[in-house]
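*Asks:*
Numbering (my numbering), first residue to last: 1178 to 1873.
#1: Rounded to whole angstroms, what is the Cα-Cα separation between residue 1832 and residue 1785?
#2: Could you tell me whether the Cβ atoms of residue 1817 and residue 1827 are closer together than 8 Å?
#3: Considering Cα atoms alone, identify which of 1800, 1735 and 1733 is closest to residue 1766.
#4: Using the C-alpha atoms, what's the distance from residue 1795 back to residue 1812?
#5: In chain order, which alpha helix (DSSP H) runs of at least 4 residues are fully inside the stretch 1571-1608?
#6: Return the CA-CA distance between residue 1713 and residue 1779, expressed in angstroms with no decimal places.
#7: Between residue 1662 and the rest of its own chain, which residues show a CB-CB distance below 6 Å, the 5 nearest in sequence each way excluded?
#8: Enumerate in chain order the residues of its own chain whose CB-to-CB distance from residue 1221 is below 6 Å, with the five nearest sequence positions on each side excluded.
#9: Between the C-alpha atoms of residue 1283 and residue 1597, what's the straight-line distance to the nearest angstrom?
#10: So for residue 1502, helix, strand or coil by DSSP?
#11: Could you round the C-beta distance between residue 1725 and residue 1845 to whole angstroms and report it? I think they count as a contact, below 8 Å.
#12: Would DSSP call residue 1798 helix, strand or coil?
#13: Would you list the one or two residues that DSSP bridges to residue 1192?
#14: Counting Cβ pairs, one atom from each stretch, are 3 or more of them under 8 Å apart for the stretch 1626-1644 and the stretch 1435-1445?
#15: Going by other Cβ atoms of all chains shown within 10 Å of its Cβ, with 16 needed for buried, is residue 1727 buried or exposed?
#16: By how many angstroms is the C-alpha of residue 1205 removed from the C-alpha of residue 1418?
#17: Can you tell which of 1580, 1368 and 1602 has its C-alpha closest to the C-alpha of residue 1592?
#18: Look at the Cβ atom of residue 1476, then the Cβ atom of residue 1470, and state whether they are nearer than 8 Å.
#19: Using CA coordinates, which residue listed in 1741, 1777, 1246 and 1281 is at the minimum distance from residue 1295?
#20: Would you check if the distance between the CB atom of residue 1771 and the CB atom of residue 1838 is smaller than 8 Å?
#21: If you compare alpha carbons, which of 1251, 1289 and 1320 is closest to residue 1356?
#22: Classify residue 1450: buried if its beta carbon has 16 or more other beta carbons within 10 angstroms, exposed otherwise.
#23: Hey, how far is the Cα of residue 1463 from the Cα of residue 1488?
#24: Considering only the alpha carbon of each residue, which of 1431, 1263, 1279 and 1329 lies closest to residue 1313?
#25: Hey, residue 1634 and residue 1502 are a contact pair by Cβ (cut 8 Å); roughly how many whole angstroms apart?
#26: Can you check whether the CB of residue 1639 is closer than 8 Å to the CB of residue 1505?
#27: Excluding the 5 residues flanking residue 1479 on each side, which residues of the same chain have their C-beta closer than 6 Å to its C-beta?
#28: Looking only at C-alpha atoms, which of 1648, 1871 and 1362 sits nearest to residue 1329?
#29: Run the CB neighbour count on residue 1274, radius 10 Å, all protein chains shown included, and call it buried at 16 or more, exposed below.
#30: Leaving out the 5 sequence neighbours to the left and right, which residues in its chain are closer than 7 Å to residue 1572 when beta-carbon positions are compared?
#31: Judging by CA-CA distance, which residue of 1492, 1716 and 1858 is the nearest neighbour of residue 1756?
#32: So what's residue 1626 in DSSP terms, helix, strand or just coil?
#33: Would a C-beta distance cut-off of 8 Å place residue 1190 and residue 1236 closer than the cut-off?
#34: Using CA coordinates, which residue listed in 1632, 1499 and 1244 is at the minimum distance from residue 1446?
#35: Residue range of the beta strand (DSSP E) that residue 1858 falls in?
#36: On the three-state DSSP scale, how would you describe residue 1241?
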């Protein structure tokens, strides 16, 4: 029996899942083709393609609203910091919720007014009645959307995500952690939902069509390749993708390979050679990254490129050679990283725009037809407004604020965008025609001329970085003092040879407790710890070290910062995106047999205000055992909280010691402060006071 009806589910998708008015002609054509012998798979492909095209057109008609909602919701974490500062935490329940909701609705309504003003300036005005309806709708859906978002996020990431807002609103602008992205979601949904039916649908302008050959001369090809046809938008997107790919590869190579010299006083010649090598690494890494995607089988540039890849590489390499200098300045928390990035973006964007204007034909003007113009049409015609000047000025002001606040990453991003947009908007079409040989010569000469200042600035960044590192080492005394810490026995043998993190601050921190006051005590007879017949617990006051590390480091590096203090009084935080780990190590004067110890009690002091936020893990080690094996005694939560006046709270945690373990004795007690937050960047304010080793 021959089936004459198409798949019912695909037909239902055509009738009910495509937004906008139902296209009966399309459904009829597909049904007719199916009855002529097309397969079920063909019908499904056509239905899904129609579904995809319909949704793309539907969303594209309000692309300005979607883009604005994304940009405005990016400010939500910064607004949350301001709300926490303004809102009084001591308000009772109804007033606190009402105040919080009012402040957040002000943020949403401000974004809606700004979008309406921009839309009125550059497109069509809004109807006042519809805008009032949108305001009322936003007030009604924000709170349910907010609650639903965080209920679902806590269910999917049980027992919940750790919420740690940064201290300043400016720092939250560049916060892209999971918590910050979830916080942006309710604002994005509210803006989009409330303004979707209000925003006028924007008609898409016609797309200019571009035709080119393979980039080779027809005289040299016996059988020239068939010409390809592309639209200018796809070519522009592909150009941007290739430039971005090369940029990312150059940055990866710079982070991995471009380091400061190990010598504290390197010679000028060695630093200059290193600068030349680093500039070459940036250029070659960018070229290799772009080459892989340019010749990818899925790339439209593989068979019929608009220009040869060597020419594209020469043009873009003039910007990639600046990447090592930018990274070196960024490690020093220097604002020069933003300045150098802006210069590189300005140079690359202008040349790429010039080449693109010569390869691609100009977009036609669809403002008026060439003939049959209305009377006084040119006089009454109002040229389209340009919002770029206002946006660039705003970015410049925010970048200056970021530099003042030492948020160099934010400043670098904003100044790079400013330089690119300004150069792209001011570059005009050259008068002469595109000549391949002349463009090769121009790009090579330009790269050679720009390589000299790039190498000199990289040379400057290396010298400045060495001076900055030497200053920090001299201030902390690292490398000038050698020896063991007070009360420490055996130091760890496997020290990290170099830092694995890029950014400011120390690679790791070793904190020693304050030395105890001198007391006159009787000399201790040398005997075995917890000797047979001992009934009283052995009390050991903590005299070891606190380690502050970042993964993947397992121990402090050779340039670790060493200081004396208590974790209760100091503030140690991560200066990059890596989480911070805290450990405490107590070394014993002689090994102690595990069979003689029944349990270990640890007395801790804490100034944390969040109960059950920190878990203490304990393990026993033997430094003389083969393989440096360890025995874990489990984890115990720290439930004590600091008092209202800030005084530390004490708590005693008990860990049971197994009678039989793979480790026969131990001479080191390691404590690990574990937090529920996977991205903990602040050291816990927990100190170890003493140990009590209870005999069996």
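Don't be surprised by glycine CBs; every beta carbon is placed ideally from N, CA and C. Values in this document were obtained by computation on a predicted structure and should not be read as measured data.
*Replies:* According to the structure shown:
#1: When rounded, the distance between both Cα atoms is 22 Å.
#2: Yes; because the gap between Cβ atoms is below 8 Å, this pair is in contact.
#3: Among 1800, 1735 and 1733, the Cα nearest to that of residue 1766 is on 1800.
#4: Rounded to the nearest angstrom, the two C-alpha atoms are 7 Å apart.
#5: Every alpha helix (DSSP H) of 4 residues or more that sits fully in the stretch 1571-1608 is shown, in chain order, as 1585-1603.
#6: Using only the alpha carbons, I get a separation of about 16 Å.
#7: With a pLDDT of only 34 at residue 1662, under the threshold of 50, the placement of this residue in the model should not be trusted; the figure read from the coordinates follows. Annotation for residue 1662: 1689 and 1722 place their beta carbon closer than 6 Å to its own, counting only its chain and skipping 5 residues before and after.
#8: For residue 1221, where only same-chain residues beyond five positions count, the Cβ hits under 6 Å are 1187.
#9: Looking at the backbone, the Cα of residue 1283 and that of residue 1597 are separated by about 33 Å.
#10: Residue state, collapsed to three classes: helix.
#11: No, residue 1725 and residue 1845 are not in contact; Cβ-Cβ is about 18 Å, not under 8 Å.
#12: In the structure shown, the three-state DSSP call for residue 1798 is strand.
#13: Residue 1192 is not bridged to any residue.
#14: Output reads yes: the stretch 1435-1445 touches the stretch 1626-1644.
#15: Around the C-beta of residue 1727, 16 or more other C-beta atoms lie within 10 Å, and the residue is accordingly described as buried.
#16: Within the model, the alpha-carbon separation for residue 1418 versus residue 1205 is close to 40 Å.
#17: It is 1580 whose Cα lies nearest to the Cα of residue 1592.
#18: Yes; because the gap between Cβ atoms is below 8 Å, this pair is in contact.
#19: For the set 1741, 1777, 1246 and 1281, the Cα lying nearest the Cα of residue 1295 is the one of 1246.
#20: Cβ atoms of residue 1771 and residue 1838: closer than 8 Å.
#21: The candidate whose alpha carbon is nearest that of residue 1356 is 1251.
#22: Taking all protein chains in view, the Cβ of residue 1450 is surrounded by fewer than 16 other Cβ atoms within 10 Å, so the residue is classified as exposed.
#23: Here the alpha carbons of residue 1488 and residue 1463 stand approximately 14 Å from one another.
#24: Considering only alpha carbons, the answer is 1279.
#25: The Cβ separation is near 5 Å, so the contact holds.
#26: Yes. Within cutoff.
#27: Around residue 1479: 1472.
#28: Looking at 1648, 1871 and 1362, the one whose alpha-carbon comes closest to that of residue 1329 is 1362.
#29: Residue 1274 should be labelled exposed.
#30: Around residue 1572, the same chain offers 1591, 1594 and 1595 as residues with beta carbons nearer than 7 Å, after the five sequence neighbours per side are excluded.
#31: Nearest C-alpha to residue 1756 among 1492, 1716 and 1858: 1858.
#32: The three-state reading of DSSP puts residue 1626 in helix, counting H, G and I together.
#33: Not a contact, by the Cβ cut-off of 8 Å.
#34: It is 1632.
#35: Per DSSP, residue 1858 lies in no beta strand (DSSP E) and is assigned neither H nor E.
#36: In the structure shown, residue 1241 sits in a helix (DSSP, three-state: H, G or I).
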